[in-house]
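**Student:** Before we start, here is the structure in question, set down as structure tokens.
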Amino acid sequence: MTCLPSSTQKKLGLVIDLDTCVGCHGCVTACKGWNTQNYGVPLSDLDPYGADPQGTFLNRVFSYEVQPEGKPAQTVHFPKSCLHCEDAPCVTVCPTGASYKREEDGIVLVNEDRCIGCGLCAWSCAYGARELDRDAGVMKKCTLCVDRIYNENLPEEDRVPACVRTCPAGARHFGDLGDPSSDVSKLVAERGGFDLMPEQGTKPVNKYLPPRPKDQMEVPALKPVATEAKGFLGWLDKALEKL
């Protein structure tokens, strides 16, 4: 079994704003594209144009309708991927040491050369964040684009996970959640960021910002721009009245 580090130098992770996410799946597409072409083996698609298409994704977006007390119903789009937990059970159950948590930044990764595809890590993950790539026979998960965030050949603004760089609504944020002075830590403190399923005791690094209740909006009636139709439309209106 694999041991977790007693502490990590950083806690790199994501902060996802549920109030801002519009459910466009841009993050899903960017994640699929980047991770199919770069780190590890490509993410497979099985029968993508058939009756039962299946594939491997590291990030998925779920949509729910919620009814806050005394407020109108609203749709919440909920992106979910690996949360890079501090107490990650997916690491400690791995029989080959393929799953591991990095001491330098806290990112949880899979050494695909050592993975035997047994699925124990998927069974232990409370968040369903691991998927078996049936083509490659190995477990896949979010890497926080580790091959991207440290790539000095990329411009500074591109050294963030592909999902963060792509999000058109600015709903995804990346940084060191172990540093109280970081932008992501301040954002969590200001907006009341929370852990996903804290009762599991896994101490997820990724945080979510709660959606704000939406008040019922009353749209004022538009004032008429003309009291009498003129031109062709005026003639047509009068002609139809005679029918």
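The sequence shown begins at 179 in the working numbering and counts up by one. Virtual Cβ for every residue (Gly too), placed ideally from N, Cα, C.
(1) Straight-line CA distance for Pro267 to Gln378?
(2) Contact between the stretch 280-298 and the stretch 240-249 is defined here as three or more beta-carbon pairs at a separation below 8 Å; is this criterion met?
(3) Cα-Cα, which of Tyr278, Cys341 and Arg326 is closest to Val239?
(4) In three-state DSSP terms, what is Ser363?
(5) Classify Arg343 as helix, strand or coil using the three-state DSSP reduction.
(6) Between the alpha carbons of Val324 and Pro339, how many angstroms are there, rounded?
(7) What does the Cβ neighbour count give for Ala349, buried or exposed, with the cut at 16 atoms within 10 Å?
(8) Using only CA atoms, which one of Met375, Phe352 and Pro391 lies nearest to Ala304?
(9) Quick one: measure Cβ to Cβ for Ala486 and Cys260, integer angstroms, because I've assumed they're closer than 8 Å.
(10) Return the chain-ordered ranges of every alpha helix (DSSP H) run that is complete within the stretch 200-236 and spans a minimum of 4 residues.
(11) DSSP three-state call for Gly409: helix, strand or coil?
(12) Could you please give the first and the last residue of the uninterrupted beta strand (DSSP E) stretch that includes Thr253?
(13) At which residues does the beta strand (DSSP E) containing Ile194 begin and terminate?
(14) In three-state terms, what does DSSP make of Leu374?
(15) Examine the Cβ distances between the stretch 192-199 and the stretch 344-360 and report whether three or more of them are shorter than 8 Å.
(16) Check each candidate in Glu281, Lys319, Gln215 and Arg280 and name the one with the smallest Cα separation from Gly295.
(17) Give the range of the alpha helix (DSSP H) segment to which Leu298 is assigned.
(18) Along the chain, where does the beta strand (DSSP E) that runs through Val422 open and close?
(19) Compute the Euclidean distance between the alpha carbons of Pro220 and Ser277, then round it to the nearest angstrom.
(20) What is the rounded straight-line gap between the Cα of Lys420 and the Cα of Phe256?
(21) Rounded to whole angstroms, what's the CA-CA distance from Val362 to Gly201? Just pull it up for me.
(22) When the distance is taken between beta carbons, is Leu182 closer than 8 Å to Thr270?
(23) For chain D, is any of its Cβ atoms less than 8 Å away from the one on Pro358?
(24) Under the DSSP definition of a beta bridge, which residues are partnered with Val244?
(25) For the beta strand (DSSP E) containing Arg337, name the first residue and the last one.
(26) For the beta strand (DSSP E) holding Arg326, just list the boundary residues, first then last.
**Tutor:** By the coordinates alone:
(1) 10 Å
(2) Segments in contact, no.
(3) For the residues Tyr278, Cys341 and Arg326, the minimum Cα distance to Val239 belongs to Cys341.
(4) In the three-state reduction of the DSSP assignment, Ser363 falls in the helix class, which pools H, G and I.
(5) helix
(6) 8 Å
(7) buried
(8) Met375
(9) Past the boundaries of the shown model lies residue 486; the chain is included only from 179 to 421, so the question cannot be answered.
(10) 204-215
(11) Helix, per DSSP.
(12) Gln252 to Lys258
(13) Leu190 to Asp195
(14) coil
(15) Remark: three or more beta-carbon pairs, one from each stretch, lie closer than 8 Å, so the stretch 192-199 and the stretch 344-360 are flagged as touching.
(16) Distance from the Cα of Gly295 is smallest, within the candidate group Glu281, Lys319, Gln215 and Arg280, for Lys319.
(17) Leu298 to Ser302
(18) With the chain covering 179 to 421 only, the question about residue 422 has no answer from this structure.
(19) 18 Å
(20) 56 Å
(21) Their backbone Cα atoms lie some 21 Å apart in a straight line.
(22) For Thr270 and Leu182, yes; Cβs fall inside 8 Å.
(23) The structure shown contains no chain D; it is built from a single protein chain.
(24) Here Val244 is bridged, per DSSP, to Gln252.
(25) Note, Arg337: premise wrong, no beta strand (DSSP E); not H, not E.
(26) It is not in any beta strand (DSSP E) - Arg326 instead sits in the alpha helix (DSSP H) that spans Val324 to Ile327.
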